[in-house]
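Just so we're aligned, residue 8 is where the sequence shown starts under this note's numbering, counting upward by one.
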Amino acid sequence: LLTSGTADAKENAARVLRNLAANNDKNKVTIAEAGAIPPLVNLLTSGTAVAKVYAAAALWNLTANNDQNEVAIAEAGAIPPLVHLLTSGTADAKVYAAGVLWDLAANNDKNKVTIAEAGAILPLVNLITSGTTIAKKQAAGALRNLSKIGNLSDQIATAKRDAGVD
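Next up, the structure:
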C-alpha cells in the first residue's frame, strides 16, 4: 500500500506503521526487514501533506533506540527530504522531521555531517524561534547532537547568532 495504493491508502499505511513502531522494538525490526523504510522515505517527497506527517512520524518511531534503523533511514536518502520538511511541512511534519534528525544525529558522526550538509542547521535554529513548543524541543535536541562535532558547533553558533537566538 505504501507504494501502489491510493493517496488515502498510503496515508493509512504510514499511520499504521507509525503506530506499530511506537515503543515496540520487535515491530521496528520487522518493519525494516519488510522493506518499509524506502517507501516511507519516498512519501516524504511524493505523499500528500498528511502522508508526509505520518511517514515522518513512522520514521521517528523507527529510529528510537534502534541504531540499525537509523543507518538504514539515512542510507535510504531520508535526510534531504526531512530537512525540506523543516521549512515546507505542516507544523506536525516539522515536529516529526526534527525528531528524526535528532535521533539520526545521536550517535552517528556520518549522519551529523550529512544533516549539516543538507542544510538543516538554519531551519532547526529557525524552529527554535518560530516553531511550536514541541518543535522547539525537537530542534534543540537535534542541534545539541549536531554540536558534538566541533565545526558543526561553530556553524550552529553562527546561525543562532544571526537569528538572534541565545
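Each residue gets a CB set at the ideal place from its N, CA and C atoms; glycine is no exception.
The count of Cβ pairs closer than 8 Å, one atom from the stretch 73 to 83 and one from the stretch 97 to 106, stays below three, leaving the stretches out of contact. Distance from the CA of Ala146 to the CA of Leu129, rounded to the nearest whole angstrom, comes to 10 Å.
Look at Val172 here: in three-state DSSP terms it is coil, with no helix or strand label. Taking a C-beta distance under 9 Å as the contact criterion, Val90 and Ile122 qualify as a contact pair.
The beta-carbon distance between Val57 and Glu18, rounded to whole angstroms, is 5 Å. This is short enough to meet the 8 Å contact definition. For the 9 Å CB-CB criterion, Leu134 and Leu153 do not form a contact. If you draw a straight line from the Cα of Ser95 to the Cα of Ala125, it is about 15 Å long. Per DSSP, reduced to three states, the secondary structure at Ser154 is coil, with no helix or strand assignment.
With respect to the 9 Å criterion, Leu69 and Ala105 are not classified as neighbours on the basis of their beta carbons. In the three-state DSSP reduction, Asn30 falls in the coil class, being neither helix nor strand. DSSP places Thr37 in the helix class (H, G or I) of the three-state scheme. By the C-beta density criterion, Ala14 is exposed, having fewer than 16 other C-beta atoms within 10 angstroms. Per the C-alpha coordinates, the member of Gly12, Ala166, Leu93, Ile86 positioned closest to Ala142 is Leu93. By the neighbour-count criterion, in which 16 or more other beta carbons inside 10 Å mark a residue as buried, Asp169 falls on the exposed side. Pairing Ala20 with Ala83, the inter-Cα distance amounts to about 19 Å.
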